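Student: Counting from 1, position 114 in the sequence shown corresponds to residue 753 in my numbering; the numbering is continuous, with no gaps.
Glycine included, every Cβ here is placed at the ideal spot set by N, Cα and C.
Remember, it's a predicted structure, so these values are computed and weren't measured experimentally.
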Amino acid sequence: MKTRLVIFDLDGTLLNTIGDLAACCDYVLARRGLPQHSYEEYCHFVGNGVTRLVERALPESMRDPETVAAVRADFVAYYTEHIDCHTKPYDGIPELLATLAERGVKLAVASNKFQAGTEKLVSKFFPQLHFAAVMGQMPDRPLKPDPRVIYEILDQVGASKAETLYVGDSGIDMDAARAAGVFSIGATWGFRSVEELKEHGADCLAIHPGEIIDCLKSDA
Numbered sequence: 640m641k642t643r644l645v646i647f648d649l650d651g652t653l654l655n656t657i658g659d660l661a662a663c664c665d666y667v668l669a670r671r672g673l674p675q676h677s678y679e680e681y682c683h684f685v686g687n688g689v690t691r692l693v694e695r696a697l698p699e700s701m702r703d704p705e706t707v708a709a710v711r712a713d714f715v716a717y718y719t720e721h722i723d724c725h726t727k728p729y730d731g732i733p734e735l736l737a738t739l740a741e742r743g744v745k746l747a748v749a750s751n752k753f754q755a756g757t758e759k760l761v762s763k764f765f766p767q768l769h770f771a772a773v774m775g776q777m778p779d780r781p782l783k784p785d786p787r788v789i790y791e792i793l794d795q796v797g798a799s800k801a802e803t804l805y806v807g808d809s810g811i812d813m814d815a816a817r818a819a820g821v822f823s824i825g826a827t828w829g830f831r832s833v834e835e836l837k838e839h840g841a842d843c844l845a846i847h848p849g850e851i852i853d854c855l856k857s858d859a
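(1) Excluding the 5 residues flanking R702 on each side, which residues of the same chain have their C-beta closer than 6 Å to its C-beta?
(2) How is the beta strand (DSSP E) around S762 delimited, first residue to last?
(3) Using the Cβ count rule (16 or more neighbours within 10 Å means buried), how would you classify H776?
(4) Between which two residues does the beta strand (DSSP E) carrying M640 extend?
(5) Counting C-beta neighbours from all protein chains within 10 Å, is the total for D779 16 or more, i.e. buried, or is it exposed?
(6) Return the Cβ separation of F765 and L736 in integer angstroms, given the expectation that the two are a contact with Cβ distance under 8 Å.
(7) Beta-carbon within less than 7 Å of P786's beta-carbon, same chain only, minus the 5 sequence neighbours each way: which residues are those?
(8) Nearest-angstrom Cα distance between L746 and S700?
See the structure below:
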């Protein structure tokens with residue numbers, strides 16, 4: 640069955656956002672006199688939403704709900720204003736998205752980033768493209784690897800599981816795709832390792848965004 644829809648994770652898949660995430664989190668930590676972290680550490684802190692990012696960045700002794708909530712609020716406020724200072728698309732992503740659109744394949748984003756941030760980055764970096772759905776973290780929507788966001792996109796777009804590919808850079812993404820019953824492509828240029836993608840059952844690995852074109856299914 641022909642591929643009609645490709646769903647992308649955002650951070651680590653379409654956009655390299657780690658510079659802004661790290662800088663903003665470090666800023667909030669530094670204001671409280673707390674230790675900061677390396678980019679490599681942040682690559683493992685991100686992926687499960689802002690709350691988990693903050694929990695992982697804080698010292699273990701400060702991970703009580705009240706402190707996490709306060710630091711989270713500070714982070715979201717600062718990050719929202721500095722969300723695109725260092726962020727940029729990965730090499731080959733603009734060309735990939737343009738090619739998919741030219742072929743009539745619908746595009747969607749399923750992210751664990753908060754909804755407003757997800758929408759802001761997509762509109763900022765891909766203004767010339769139409770996305771059939773852009774879905775981030777919402778209070779009534781569980782985070783990936785729960786597959787609900789994928790189901791919501793399928794319903795909104797009107798595509799079947801068999802007509803859909805999911806592209807992401809983490810085990811969380813591969814787990815979400817498997818739970819939803821859609822074909823998964825591991826983006827090896829992102830934040831997590833090839834080993835993690837394999838361990839979580841990626842159906843295919845892409846070394847460069849252009850290779851995703853080869854995974855498209857035809858009617859034949």
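Tutor: Based on what the coordinates show:
(1) Residue numbering aside, residue 702 sits at position 63 when the sequence shown is read from its first letter. Excluding sequence neighbours, R702 sits near E694.
(2) In the sequence shown, the residue the question calls residue 762 occupies position 123. Where S762 is concerned, there is no enclosing beta strand (DSSP E), although the alpha helix (DSSP H) it sits in stretches over Q754 to F764.
(3) Here residue 776 refers to the residue found at position 137 of the sequence shown. Note that residue 776 is Gln in the sequence shown here, rather than His. Looking at its Cβ environment, which holds 16 or more other Cβ atoms inside 10 Å, Q776 is buried.
(4) Taking the first residue of the sequence shown as 1, we reach residue 640 at position 1. From DSSP, M640 is part of no beta strand (DSSP E); its letter is neither H nor E.
(5) Within the sequence shown, the letter at position 140 stands for residue 779. D779 is exposed by the Cβ-count criterion.
(6) Counted from its first residue, the sequence shown places residue 765 at position 126. Counted from its first residue, the sequence shown places residue 736 at position 97. Contact between F765 and L736 holds: CB atoms are separated by about 6 Å, below the 8 Å threshold.
(7) Taking the sequence shown and counting its residues from 1, the one referred to as residue 786 is at position 147. Correct list, in chain order: A815, A818 and A819.
(8) In the sequence shown, the residue the question calls residue 746 occupies position 107. In the sequence shown, the residue the question calls residue 700 occupies position 61. For L746 and S700, the distance between alpha carbons rounds to 42 Å.
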